[in-house]
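Quick note on the numbering used here: the sequence shown kicks off at 18 and runs consecutively.
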Amino acid sequence: MAIEWVCGSLKKRKVWSDGLFTLTIDCPGVSPFEPGQFLQVGLQLPEKHLHRPYSVASPHGDELDFFIVRVQNGELTPRLWDLEVGQSIDVCKKATGSFTLSHTPVAKNLWLLATGTGLAPYIAMLRDPKIWESYQQIILVHGVRFLSDLAYTEELEAHQESYGGRLIWVPVVSRALAVHGFQGRITQAIQCGKLEELAGVPLCPESSAVMMCGNPQMLDEVEEILNIRGMRKHKRNEPGHYVVERYW
Ligand SMILES: Cc1cc2nc3c(=O)[nH]c(=O)nc-3n(C[C@H](O)[C@H](O)[C@H](O)COP(=O)(O)OP(=O)(O)OC[C@H]3O[C@@H](n4cnc5c(N)ncnc54)[C@H](O)[C@@H]3O)c2cc1C
């Protein structure tokens, strides 16, 4: 079925570090969606329409945010990186995807695990009241290579202040010393017990729901660890403990 496009324009371009950026696109006309869903974003080239799926990093509205990394030799992202405010950019009208709170198990605590731009769906969720109404503690774990890749820090700190400690934010930095958080990879932080120590709550089937998004290697390894702990992928007909969004 042909994709229906909304012709948007670039309203704002925020650069977090070289190649890591958020585009705010003015695109009224996108149908309502749930935080965590994704939209196709693209450009009309002379020879074809070039588009890719992106998790929306904001709740539904006339302006939508997308948190993107420029992929070396990627087809679309270097073009998105070069866009200037005011230029046209297409966004599809209807969002898809089930990486949302309504497809996530009910539990006392919600663990949000992300590498890189896998943070995007959580930024949208944290801006919406539903997550705060549904879970007691939210533990956001963001794995990056360098400290400069830790985007949205001010916004996350503001959530921590507003919600009186219900958001525990653990930066995990693999190639630099993490002042707050863990130095290494998310999988190492889980396996050595440090992540639970920093979170102050256990990662266990009794009290945890887990969402994970980003790099496929992290997803595979964390799935293995969770399975060993007796946690299972959540399915509609077979309730479990975790849900996964793969970017590639
Ligand atoms: C459901 C879904 C949601 C997504 N949401 C986002 C998002 O919010 N932000 C985002 O930046 N990307 C996201 N992606 C990835 C995005 O669709 C593109 O694959 C990516 O932007 C690369 O496009 P490209 O044309 O530049 O590269 P291509 O020429 O298509 O090359 C693809 C290759 O780029 C690499 N790659 C893809 N995505 C990433 C990434 N995020 N980080 C590092 N390497 C990557 C992989 O090696 C992949 O095989 C999402 C993908 C899916 C399936």
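C-beta atoms are modelled at their ideal positions from N, C-alpha and C, and glycine is treated no differently.
Note on geometry: alpha-carbon atoms of Q104 and G78 lie some 19 Å from one another. Using a cutoff of 7 Å, the CB of P70 counts as near ligand 1, since one of the ligand's heavy atoms is closer than that. The three-state secondary structure of K147, taken from DSSP, is helix. For F116, the closest of F199, I245, I242 and M228 by C-alpha to C-alpha distance is M228. For E80, the pairing in a beta bridge is given by DSSP as D43. Unbroken alpha helix (DSSP H) stretches of 4 residues or longer found wholly inside the segment 117-204: 137-143, 146-151 and 170-179, given in chain order. Rounded to the nearest angstrom, the gap between the Cα atoms of A137 and F83 is 7 Å. For N254, the number of other beta carbons within 10 angstroms of its own is below 16, and it is reported as exposed.
G231 is positioned such that its CB atom lies no closer than 8 Å to that of G114. Residue pairing of S225 in beta bridges, as defined by DSSP: N126. Per DSSP, V102 is not a residue of any beta strand (DSSP E), being assigned neither H nor E. Cβ contact annotation for D145 (same chain, cutoff 8 Å, sequence separation greater than five): P52 and P76, in chain order.
Using a Cβ distance threshold of 8 Å, L184 and L157 count as a contacting pair. Beta-bridge analysis with DSSP links C24 to D107. For A137, the Cβ falls inside the 7 Å cut-off from some heavy atom of ligand 1. V123 is positioned such that its CB atom lies no closer than 8 Å to that of V47.
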